[in-house]
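J.: The structure that follows is given in the form of structure tokens.
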Amino acid sequence: MTDETRSVAKKYFDLPLADISKLLASKLHEERVVAVMILAKRLNKADLSGKKEIYDFYFENISGINNWDLVDSSAPIIVGGYLYLSGETREVLYKLVKSNNLWKKRIAMMATFYFIKERDFSDALKIAEILVNDSHDLIHKAVGWMLREVGNRDIGTEEKFLEKYYKQMPRTMLRYAIEKFPEEKRQKCLKGKI
Numbered sequence: 137m138t139d140e141t142r143s144v145a146k147k148y149f150d151l152p153l154a155d156i157s158k159l160l161a162s163k164l165h166e167e168r169v170v171a172v173m174i175l176a177k178r179l180n181k182a183d184l185s186g187k188k189e190i191y192d193f194y195f196e197n198i199s200g201i202n203n204w205d206l207v208d209s210s211a212p213i214i215v216g217g218y219l220y221l222s223g224e225t226r227e228v229l230y231k232l233v234k235s236n237n238l239w240k241k242r243i244a245m246m247a248t249f250y251f252i253k254e255r256d257f258s259d260a261l262k263i264a265e266i267l268v269n270d271s272h273d274l275i276h277k278a279v280g281w282m283l284r285e286v287g288n289r290d291i292g293t294e295e296k297f298l299e300k301y302y303k304q305m306p307r308t309m310l311r312y313a314i315e316k317f318p319e320e321k322r323q324k325c326l327k328g329k330i
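Written out as structure tokens, the structure is:
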């Protein structure tokens, strides 16, 4: 996300949703970036009914959220933020994670970042458990990253998860999860001595 992109998103903050929908359908990645930036900024400033409108709009246009940076810059705020603040059921995350679509699975995992920041780890761990055997590298990275974020707030919770799953975790997922561990502990984990 460049300064220029941020500037455009700020300038067009009040763009009608119909036009944002067109941006999300664009073949140009930068236009989709501007669209998710506008939506995320709007959600942060909206009351609960405004947040719901943006959340619903996001899912109506989910096919345009089709790159890791689009997911990572929108799912925690728009999906995770709305679900956390509204108290709505999080069942949608479990529907997404069971999809064959890479981006929907990543949205499910990345949405939990909002919960993690609030020290609510349950859904992050359940979704990580579902994805622990996923074959795609971009899922490995997202799961490892969210596990690391859990560990940044509660190392015991992350370690308990790793003890159970490290043998079946893809190497990239494990490396991302333990990236901030002290070197000696990191090396032990990589050698299977958790």
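All residue numbers for the sequence shown refer to the working numbering, where the first residue is 137 and numbers rise by one. Cβ atoms here follow ideal geometry from the backbone N, Cα and C, with glycine treated the same way. In this text the structure is predicted, and so the values were computed from the model without any measurement.
#1: Leaving out the 5 sequence neighbours to the left and right, which residues in its chain are closer than 6 Å to residue 325 when beta-carbon positions are compared?
#2: Rank 192, 221, 245 by C-alpha distance to the C-alpha of residue 232 and give the top, closest one.
#3: Grouping DSSP H, G and I as helix and E and B as strand, with all else coil, what is residue 305?
#4: Please list the terminal residues of the continuous alpha helix (DSSP H) segment that includes residue 195.
#5: Just to confirm my understanding: we take residue 235, look at its own chain, exclude 5 residues before and 5 after, and list those with CB closer than 7 Å. What are they?
#6: Could you work out which residue in 171, 204, 202, 220 is closest to residue 83 when comparing CA atoms only?
#7: Any idea what DSSP makes of residue 268, helix, strand or coil?
#8: Beta carbon of residue 250, beta carbon of residue 217: below 7 Å?
#9: Alpha carbon to alpha carbon, how far is residue 302 from residue 228? Give it in angstroms, no decimals.
#10: Near residue 304, which residues of its chain fall below 7 Å by C-beta distance, leaving aside the five closest residues on each side in sequence?
#11: Evaluate residue 291 with the Cβ neighbour count: other Cβ atoms within 10 Å of its Cβ, from every protein chain shown; 16 or more gives buried, anything less gives exposed.
#12: Excluding the 5 residues preceding and the 5 following residue 146 in the sequence, name in chain order all residues of the same chain whose CB lies nearer than 8 Å to its CB.
#13: Look up residue 251 in the DSSP assignment and say whether it is helix, strand or coil.
#14: Assign residue 295 to one of two classes, buried (16 or more other C-beta atoms within 10 Å of its C-beta) or exposed (fewer than that).
#15: Identify which residue in 215, 289, 278, 293 has its Cα closest to the Cα of residue 253.
T.: Here's the rundown:
#1: 314
#2: 245
#3: coil
#4: Counted as a single uninterrupted DSSP element, the alpha helix (DSSP H) harbouring residue 195 occupies residues 184-196.
#5: Excluding sequence positions up to five before and after residue 235, its CB lies within less than 7 Å of the CB of 241, all in the same chain and listed in chain order.
#6: What the structure shows of the chain is the stretch from 137 to 330, and residue 83 is not part of that stretch, so it cannot be assessed.
#7: coil
#8: Contact: yes.
#9: 27 Å
#10: 268, 269
#11: The residue is exposed, with fewer than 16 neighbouring Cβ atoms inside 10 Å.
#12: 177
#13: helix
#14: If you draw a 10 Å sphere on the C-beta of residue 295, you find 16 or more other C-beta atoms in it, and that means buried.
#15: Of the listed residues, the one whose Cα sits closest to residue 253 is 289.
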